[in-house]
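All remarks here apply to the structure that follows.
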Amino acid sequence: MNLSEVIKGIERHNITIIFTSLPDSKGRHDEINGQKYIFIDNELTEVEMINVLLHEKSHCITNDINNHLSYIDTYQHHIENDAEKNRIADFMDLINKEYPIDIDFDYLKYMKNAMIPDKYESFVKNLAQEYYLQNSQKHIL
Numbered sequence: 001m002n003l004s005e006v007i008k009g010i011e012r013h014n015i016t017i018i019f020t021s022l023p024d025s026k027g028r029h030d031e032i033n034g035q036k037y038i039f040i041d042n043e044l045t046e047v048e049m050i051n052v053l054l055h056e057k058s059h060c061i062t063n064d065i066n067n068h069l070s071y072i073d074t075y076q077h078h079i080e081n082d083a084e085k086n087r088i089a090d091f092m093d094l095i096n097k098e099y100p101i102d103i104d105f106d107y108l109k110y111m112k113n114a115m116i117p118d119k120y121e122s123f124v125k126n127l128a129q130e131y132y133l134q135n136s137q138k139h140i141l
């Protein structure tokens, strides 16, 4: 897992990434004159940057900035939940590519180490099972 690879992957979606000081946030997304941007706090660790970039990428790809429903609290929670699930899935994909998920994968330990909130436990468990099955079928394990 490599920050520069994540950046290149995001830039392929025509999203510009700007590293800057963000005292009140780890990252945010915006669209200016049709160009999508991710602003990320340059004080974060590499793993934090990867996670924030993946979360904000989800917002950019799903065009949340132009979704007028995002200003309604209830719907904003839905949007954030979707972005977080996409972040978790993208991060697990990176992990699986580097360390293929096998039968011994401890998804609870992974969640703790990756600071994934408990409410996503079933989501992570299902993803881990999917990766394990895919890896088994591809004889990666």
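Going by our numbering, the first residue of the sequence shown is number 1, and it counts up by one from there.
Each residue gets a CB set at the ideal place from its N, CA and C atoms; glycine is no exception.
* To do: Can you have a look at S25 and say buried or exposed, based on whether 16 or more other CB atoms are within 10 angstroms of its CB?
  => exposed
* Beta-carbon proximity list for D102, same chain, < 8 Å, skipping 5 on both sides -> Y132, N135, L141
* Asked: Any idea what DSSP makes of Y99, helix, strand or coil?
  -> coil
* Is K138 helix, strand or coil when you go by DSSP? -> coil
* CB of I17 within 8 Å of CB of I7, strictly -> yes
* Do three or more CB pairs link the region 71 to 78 to the region 31 to 46 at distances below 8 Å? -> no
* To do: Using the Cα positions of D41 and H29, report the straight-line distance between them to the nearest angstrom.
  => 12 Å
* Within 8 Å, strictly: CB atoms of L3 and E56 -> no
* **the region 60 to 75 / the region 92 to 110 touching (three or more Cβ pairs under 8 Å)** => no
* C-alpha distance - K112 paired with T62, whole-angstrom precision -> 28 Å
* **Same chain, Cβ closer than 8 Å to Y120, five either side skipped, listed in chain order** => E84, K85, I88, M111
* In three-state DSSP terms, what is I74? -> Sequence inspection shows Thr at residue 74; the Ile mentioned does not correspond to that position. In the structure shown, T74 sits in a helix (DSSP, three-state: H, G or I).
* Figure out for me which residue from D82, I50, M49 has the closest Cα to the Cα of S58. => D82
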